[in-house]
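Shown next, in structure tokens, is the structure this report addresses.
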Amino acid sequence: MPAKRDPPRAIIIGGSMSGLFSAAFLRQIGWRAEVYERSPVELVGRGAGITTHPELLEALEKSGAGTGELGIVVEKRIALDHGGRVIAQKHLPQILTSWDRLQRLMRATIDESHYHLGYTFEGVEQDGSGVHVHFAGGKRERADLLIGGDGIRSSVREQVAPEVQPIYSGYYIWRGAPKEADLSEQTRASIFPYFTFFLPERQQVIGYPIAGLNNDLRVGHRRYNFIWYRVADAQKLRRMCVDERGQQHDYSVPPPLIRSDLIAEMRAQAQAIMPPQFLDCLANMQPFFTPIYDFSTPQLVFGRVALVGDAASSARPHMGFGMAKAGGDAQALAEALAGHDDIDAGLAAYNKARQPIGERIMLHGRKLGTHLGARAAGPTACRSWCIAATPISATCSPKALACSTCAIPSVRARSIISPRRPAPGISTCRPMTICCSSSTPKTCSRPPSSRTRRRITRASSARSWVRLKRGARRATGQPGSRFMTFPNRQPRGASASWRSKAVAFTASGTPADAGRTCPRCSTASPITSL
Numbered sequence: 000m001p002a003k004r005d006p007p008r009a010i011i012i013g014g015s016m017s018g019l020f021s022a023a024f025l026r027q028i029g030w031r032a033e034v035y036e037r038s039p040v041e042l043v044g045r046g047a048g049i050t051t052h053p054e055l056l057e058a059l060e061k062s063g064a065g066t067g068e069l070g071i072v073v074e075k076r077i078a079l080d081h082g083g084r085v086i087a088q089k090h091l092p093q094i095l096t097s098w099d100r101l102q103r104l105m106r107a108t109i110d111e112s113h114y115h116l117g118y119t120f121e122g123v124e125q126d127g128s129g130v131h132v133h134f135a136g137g138k139r140e141r142a143d144l145l146i147g148g149d150g151i152r153s154s155v156r157e158q159v160a161p162e163v164q165p166i167y168s169g170y171y172i173w174r175g176a177p178k179e180a181d182l183s184e185q186t187r188a189s190i191f192p193y194f195t196f197f198l199p200e201r202q203q204v205i206g207y208p209i210a211g212l213n214n215d216l217r218v219g220h221r222r223y224n225f226i227w228y229r230v231a232d233a234q235k236l237r238r239m240c241v242d243e244r245g246q247q248h249d250y251s252v253p254p255p256l257i258r259s260d261l262i263a264e265m266r267a268q269a270q271a272i273m274p275p276q277f278l279d280c281l282a283n284m285q286p287f288f289t290p291i292y293d294f295s296t297p298q299l300v301f302g303r304v305a306l307v308g309d310a311a312s313s314a315r316p317h318m319g320f321g322m323a324k325a326g327g328d329a330q331a332l333a334e335a336l337a338g339h340d341d342i343d344a345g346l347a348a349y350n351k352a353r354q355p356i357g358e359r360i361m362l363h364g365r366k367l368g369t370h371l372g373a374r375a376a377g378p379t380a381c382r383s384w385c386i387a388a389t390p391i392s393a394t395c396s397p398k399a400l401a402c403s404t405c406a407i408p409s410v411r412a413r414s415i416i417s418p419r420r421p422a423p424g425i426s427t428c429r430p431m432t433i434c435c436s437s438s439t440p441k442t443c444s445r446p447p448s449s450r451t452r453r454r455i456t457r458a459s460s461a462r463s464w465v466r467l468k469r470g471a472r473r474a475t476g477q478p479g480s481r482f483m484t485f486p487n488r489q490p491r492g493a494s495a496s497w498r499s500k501a502v503a504f505t506a507s508g509t510p511a512d513a514g515r516t517c518p519r520c521s522t523a524s525p526i527t528s529l
């Protein structure tokens, strides 16, 4: 009688959401899973607000964590102007929660004996049948599979794919979470129940309610998650990462050590542009800043090492899809392993299924953030009214593809075209071809042919009116069925309102809508759908 084989064993590096999801789903298919976390204490108070998506809710249910009392339900999104008036709204029910709440739900799915604190991963050795995992202090573990679920600065990825590094987006966020009870009555009534947007030029401010301390969901005990996106080049960010004691930090500064002059400067600049409701939030919170990075790995599997969650790819937070992706990666990995008798075949199936998804999510995050940075089509495309034009894609002409500046032939042209009025500074409303031969986007020296330009202009005009007929009102900018279409002329004296109406709801898009982005630079193409 053949000896009974032990179930396969996985070592998981990272005790946050990716690691916990992986452990939960692997146990369901009969694997043994051990989670190793670098922190010597339980992970609490890491992060703030989280927006949920159907993929996250599904992962929570299937993992056994459940979704009971998950967070706060908001019914709609609103956009404010400088005076704090609501200028646009969209009915979009969504559950908003906090990192702490999700961590506690998932932490309860794993037994204490399989969750190990205070272990720092140092290296991995592979042979034909498994891995030998090394930890600081001399501890060594043997397993069939090593899973890297240790976040965007993954030590596992650093060993198996050291060439893959997070890319700075060119902007960062100020954030905080004031208590509901500390906010004014006017703020609580006007924005607290909603997902709120305000969009000054090349910036974005959002806010939404989350649970209070210890996941308290009672009225009056909750918090309001405040996020302010701001542009900063790498040199400015490095100066910001010098703390109160003069110490230089690589990526961000612990909140208590952020320099007081940075906070004072931020508050002064907010006074000039913010609606009163968001100023109230700023006055009642401890602010801290987080630089925004993203990246995508060309593969998720390296022998018997697999990457999941932010260790595999990380998108800009405009979609709020990080937790959903972590759950989806872990679930897909378990399903692939369960569906194949051979572990290596299962890992190959996981890589094929999830690597393109992670890349699409990253590209869509870049697209949603294009209004924060310089547009790839040129400086005039940064004007707010250009968002109202109908962008379409067109293939580069053969001559343009052959020109010296067009280093990425597979990248298609992105056009910002107004059938009624060309962009300021452009004599003819012709498409701008996006190429990249360095770290910054360039335009091809040879534009498409005149025949191509005429075809693009006709198509743009026709599509504009089709979208108008779908329900978008030209005068008010109310949302249509799928797109939001606006007049091509910007109302005088209303740039902030105009931009808010045009961009506030782009975050409700889906990864499938992601536009192509140059793979060699971190700058996305112009917004391609609203």
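Numbering-wise (numbering that gives the first Met the number 0), the sequence shown opens with residue 0 and increments by one.
Backbone N, C-alpha and C define an ideal beta-carbon position, used for all residues, glycine too.
- Cβ neighbours of Q27 within its own chain (closer than 7 Å, five residues either side excluded): A333.
- The Cβ neighbour count for P53, taken over all protein chains shown within 10 Å, is under 16; the residue is labelled exposed.
- Contact annotation, Y114 with V34: C-beta distance approximately 5 Å; criterion of less than 8 Å satisfied.
- Per DSSP, reduced to three states, the secondary structure at A305 is strand.
- Counting along the chain, no beta strand (DSSP E) covers Q247, and no H or E run does either.
- The three-state secondary structure of K75, taken from DSSP, is strand.
- Sequence-distant Cβ neighbours of A210 in its own chain, meaning closer than 8 Å and more than five residues away, are G70, I71, T96, S97, D99, R100, L216, R221 and R222.
- A contact between stretches requires three or more CB pairs, one per stretch, nearer than 8 Å, and the segment 82 to 93 fails this requirement with the segment 133 to 148.
- Pairing G13 with D149 gives a Cβ-Cβ distance under 7 Å.
- Taking a cut-off of 8 Å for Cβ pairs, the segment 78 to 87 and the segment 349 to 366 do not touch, as fewer than three such pairs fall below it.
- Going by C-alpha positions, R37 is about 36 Å away from V73.
- Distance from the CA atom of G245 to the CA atom of S168, rounded to whole angstroms, is 25 Å.
- For W227, no alpha helix (DSSP H) encloses it; the enclosing beta strand (DSSP E) starts and ends at R222 to V230.
- Counting other Cβ atoms within 10 Å of its Cβ, Q203 reaches 16 or more and is therefore classed as buried.
- C240 and L299 have their alpha carbons spaced roughly 31 Å apart.
- A residue is called buried when at least 16 other Cβ atoms come within 10 angstroms of its Cβ; A344 does not meet this threshold and is exposed.
- At a Cβ-Cβ threshold of 7 Å, M16 and M322 count as neighbours.
- Annotation for A329: the continuous alpha helix (DSSP H) segment containing it runs G321 to A337.
- For L145, the beta-bridge partners assigned by DSSP are I10 and V304.
- In the DSSP annotation of this structure, the continuous segment of the beta strand (DSSP E) that includes A32 starts and ends at R31 to E36.
- Under DSSP, P208 shares a beta bridge with Y223.
- Within the DSSP bridge table, the entry for K178 names R222 as partners.
- Around the CB of L59, 16 or more other CB atoms lie within 10 Å, so the residue is classed as buried.
- Closest option to R201, judged by alpha-carbon separation, among T296, I10, T369 and F20: T369.
- Counting of Cβ neighbours within 10 angstroms places N213 among the exposed residues, the total staying below 16.
- Within its own chain, the residues whose Cβ lies closer than 7 Å to the Cβ of W173, once the five positions on either side in sequence are excluded, are W227, R229, M265, P286 and F288, listed in chain order.
- By the beta-carbon neighbour count (other beta carbons within 10 angstroms, threshold 16), A269 is buried.
- Looking at the DSSP output, A87 sits in a beta bridge with A78.
- Separation of R359 and T195 (C-alpha to C-alpha, rounded to the nearest whole angstrom) is 26 Å.
- A282 counts as exposed, since fewer than 16 other C-beta atoms from the protein chains shown sit within 10 angstroms of its C-beta.
- In the structure shown, G122 adopts extended strand secondary structure according to DSSP, grouped into three states.
- Taking 7 Å as the cut-off, the beta carbon of F197 is found no closer than this to the beta carbon of L25.
- For F24, the enclosing alpha helix (DSSP H) begins and ends at M16 to Q27.
- H363: member of the alpha helix (DSSP H) spanning I342 to L367, first to last residue.
- Separation of the CB atoms of S153 and L306 is rounded to 7 Å, and the pair is thereby assigned contact status at 8 Å.
- Judged by beta-carbon spacing, A314 lies beyond the 7 Å limit of T296, meaning their Cβ atoms are not closer than that value.
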